[in-house]
Amino acid sequence: MKNNKRKVIFDCDPGLDDALALLLALASDNLDILAVTTIAGNTTIENTTQNALDLLYFYGRSDIPVSRGNANPLLGNFSMGAHVHGKRGIGSVELKSSPAQEHSLRAHDLIRKLLMESDEKITIIATGPLTNIALALTLYPEIIEKIELISMMGGSLNVGNIGAATEANAGNDPEATHIILSCGVPIAMFGLHLTYTTQIYPKDMDRIESIGGTFAKTIADFNRFHFQFYKNELGFKGDPSHDSCAVAYLINPDIFTMEEYNVVMDLDGKYSRGQTIVDLYNVTQRKPNVLFGMKSNREAFVELVYDSVLKLSYKLSK
Ligand code: RIB
Ligand code: CA
Numbered sequence: 017m018k019n020n021k022r023k024v025i026f027d028c029d030p031g032l033d034d035a036l037a038l039l040l041a042l043a044s045d046n047l048d049i050l051a052v053t054t055i056a057g058n059t060t061i062e063n064t065t066q067n068a069l070d071l072l073y074f075y076g077r078s079d080i081p082v083s084r085g086n087a088n089p090l091l092g093n094f095s096m097g098a099h100v101h102g103k104r105g106i107g108s109v110e111l112k113s114s115p116a117q118e119h120s121l122r123a124h125d126l127i128r129k130l131l132m133e134s135d136e137k138i139t140i141i142a143t144g145p146l147t148n149i150a151l152a153l154t155l156y157p158e159i160i161e162k163i164e165l166i167s168m169m170g171g172s173l174n175v176g177n178i179g180a181a182t183e184a185n186a187g188n189d190p191e192a193t194h195i196i197l198s199c200g201v202p203i204a205m206f207g208l209h210l211t212y213t214t215q216i217y218p219k220d221m222d223r224i225e226s227i228g229g230t231f232a233k234t235i236a237d238f239n240r241f242h243f244q245f246y247k248n249e250l251g252f253k254g255d256p257s258h259d260s261c262a263v264a265y266l267i268n269p270d271i272f273t274m275e276e277y278n279v280v281m282d283l284d285g286k287y288s289r290g291q292t293i294v295d296l297y298n299v300t301q302r303k304p305n306v307l308f309g310m311k312s313n314r315e316a317f318v319e320l321v322y323d324s325v326l327k328l329s330y331k332l333s334k
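The working numbering numbers the first residue of the sequence shown as 17 and each following residue consecutively.
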């Protein structure tokens, strides 16, 4: 029987903020996750794939297939994030090992299979470098028609974390980002300038922990670990929960102020390779290709995070 949920494929590099984003998607009644595909980025592909399996097990959804994606970008190497996410990519939390095995198909092949076999369009949530999706689009252009939307965390308006103004997901694989931005699929983009505003404050983490039980404490600890880097290195007051924005938008779009712009990837710049160039005043007269996140309502975002943890925690305790 058909359900009315939005079908999604979740492509990610877990990753502490990916872990929370996955939780939001699983807790939502609007989303039906068909598969989780992994990409290296925050840590190696071995770690992100095992983390995806273990997180789904922890979240009570090891029935969702996990498929391994690329270890490397289309060109060069990833700049990894052990300084933010810990050696294994999920901070200092020890998750139980999932009994599930990864899917036999590689990520780009599973993405194609799911899209082509579906009788309705599918949304792709992308919270890591865009390599798997770019590979799927390049090898199997027929999938373009089957993609409803790519809701992605990546890029920025002149703010960087792997370069002065280069964001990690977009800038770790500039060629892949270019392929996504120019393929014609609808894109909702949540860049670093925006995700720096969706901060989960220590008092919010304490409130999450106060739900009670190991589950809620583990989620609060994911945030606390991620927060350390931003507090110590950047002086932030809270944990910028980047990846959850790409999911929160699908659950409650009103949290964000979105505007349509033309966005391109700089592939050549000496200082700007990997940056997203956003034409705020349509100077180039190029057609808008991205619904671009400009502002967020932090309180509404944090409420959604709290409600999602509460809901999943309750469900798992039954
Ligand atoms: O720039 C933030 C992004 O880089 C997030 O997706 C985070 O998980 C890291 O991959
Ligand atoms: Ca990520």
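Backbone N, C-alpha and C fix where the C-beta goes; we use that ideal spot for every residue, glycine too.
Note that the structure is predicted; figures quoted are calculated from it, not measured.
(1) Is G57 near ligand 2, judged by its Cβ being under 7 Å from some heavy atom?
(2) With a threshold of 8 Å between beta-carbons, can D29 be considered close to chain B, or not?
(3) Just confirm the distance between the C-beta atoms of L332 and G76, as a whole number of angstroms; I'd bet it's less than 8 Å.
(4) Check whether the stretch 49-61 and the stretch 17-29 touch, using three or more Cβ-Cβ pairs below 8 Å as the test.
(5) Taking the straight line between their C-alpha atoms, what separation do you get for L39 and L47?
(6) Measuring from the CB of N46, is there a heavy atom of ligand 2 at a distance below 7 Å?
(7) May I ask whether a heavy atom of ligand 1 can be found less than 7 Å away from the beta carbon of E276?
(8) Taking 7 Å as the cut-off, does the CB of H119 come closer than this to any heavy atom belonging to ligand 1?
(9) Does M96 come out as helix, strand or coil in the three-state DSSP assignment?
(10) On the DSSP letters alone, give me the boundaries of the beta strand (DSSP E) that V318 sits inside.
(11) Under 8 Å Cβ to Cβ from N268, same chain only, skipping five residues before and after it: list those, please.
(12) With distances taken from CA atoms, which of N298, I195, E62 and N19 is nearest G105?
(13) Going by C-alpha distance, which of Y330, S288 and E275 is nearest P304?
A quick look at the data gives this:
(1) yes
(2) In summary, chain B is missing from the structure at hand, where a single protein chain is found.
(3) 5 Å
(4) yes
(5) 11 Å
(6) no
(7) no
(8) no
(9) coil
(10) Note, V318: premise wrong, no beta strand (DSSP E); alpha helix (DSSP H) at R314 to S333.
(11) A316 and L320
(12) E62
(13) E275
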